[in-house]
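The sequence shown begins at 2 in this note's numbering and counts up one residue at a time. For every residue, glycine included, the Cβ atom is placed at its ideal position computed from N, Cα and C. Only one structure is covered here, and it is reproduced in the block below.
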Amino acid sequence: QTVLTPSPTDYWAVRDPQLGATASGAAFVSWEGYAYDGSSPDDAHNVARTEDAGRTWTGPVAVGPRAGEVRVSGWDGLNSWQQVWTDDYTNTIDTEGTGDIGVTWSGTRSIASIPDRWDDCDCLVAGLSVAGAPSGTWLTTWVISNFDDQPAGGRMARRFRLTRSTDGGTTWSTPIALLEDRGRPVV
2 QTVLTPSPTD YWAVRDPQLG ATASGAAFVS WEGYAYDGSS PDDAHNVART
52 EDAGRTWTGP VAVGPRAGEV RVSGWDGLNS WQQVWTDDYT NTIDTEGTGD
102 IGVTWSGTRS IASIPDRWDD CDCLVAGLSV AGAPSGTWLT TWVISNFDDQ
152 PAGGRMARRF RLTRSTDGGT TWSTPIALLE DRGRPVV
């Protein structure tokens with residue numbers, strides 16, 4: 002039995018575990034970890050990997066900043082994996098990827114701007130998802146719920162967006178609208 006113990010062991014919170022596996026037996030596990038005093042380098046999104054079907058694991062590696070409200074992982078079934086999150090400090094959706102089973106990471110890239118939830122509108126970004134294909138194509142979707150645009154007794158406006166990468170996550174398209182307002186199709 003293998004037990005992966007993140008450092009430090011006195012986390013006050015560990016949340017959002019996610020797991021991905023490849024056909025070759027490699028797997029990733031990721032989680033958010035916060036230490037009691039907030040000063041630990043492990044106060045970040047951590048990733049560990051195995052290349053032997055979980056018998057041994059690497060130590061945790063911090064991927065991206067901890068600023069995100071929403072964070073998801075996606076993998077292409079081969080060796081590539083993308084982390085996608087919202088960054089409340091820059092009002093962007095960001096990503097960081099690997100194409101070599103997590104040995105190296107691309108560095109943080111902003112792929113879309115989102116409204117400032119305090120200044121632009123009473124908005125919430127939710128439903129963030131990412132999926133990849135072995136061809137190197139990645140899709141990311143999200144919804145922006147605007148509480149300012151909610152008629153009395155009615156449903157709030159929701160705007161579904163999609164962006165796409167065809168080069169393994171290096172560059173991303175300008176986001177397009179999938180659904181606008183109260184469920185009216187756009188595409």
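In DSSP terms, what residue i is bridged to
i	result
residue 145	126, 160
residue 134	Residue 134 is not bridged to any residue.
residue 21	29
residue 63	47
residue 16	33
residue 140	132, 165
Endpoints, beta strand (DSSP E) assigned at residue i
i	result
residue 113	110-114
residue 74	72-76
residue 98	93-99
residue 104	Taken as a continuous stretch (DSSP letters only), residue 104 belongs to no beta strand (DSSP E), as it is neither H nor E.
residue 87	82-88
Residue i burial status per 10 Å Cβ neighbour count (16 or more: buried)
i	result
residue 125	buried
residue 27	buried
residue 16	exposed
residue 25	exposed
residue 170	buried
residue 54	exposed
residue 177	exposed
residue 111	exposed
residue 57	exposed
residue 135	exposed
residue 81	buried
residue 18	exposed
residue 21	buried
residue 101	exposed
Nearest-angstrom beta carbon gap, residue j and residue i [assumed within contact, 8 Å]
i	j	result
residue 143	residue 133	That belief does not hold up - the Cβ atoms of residue 143 and residue 133 are roughly 16 Å apart, past 8 Å.
residue 137	residue 96	No, residue 137 and residue 96 are not in contact; Cβ-Cβ is about 14 Å, not under 8 Å.
residue 73	residue 131	6 Å
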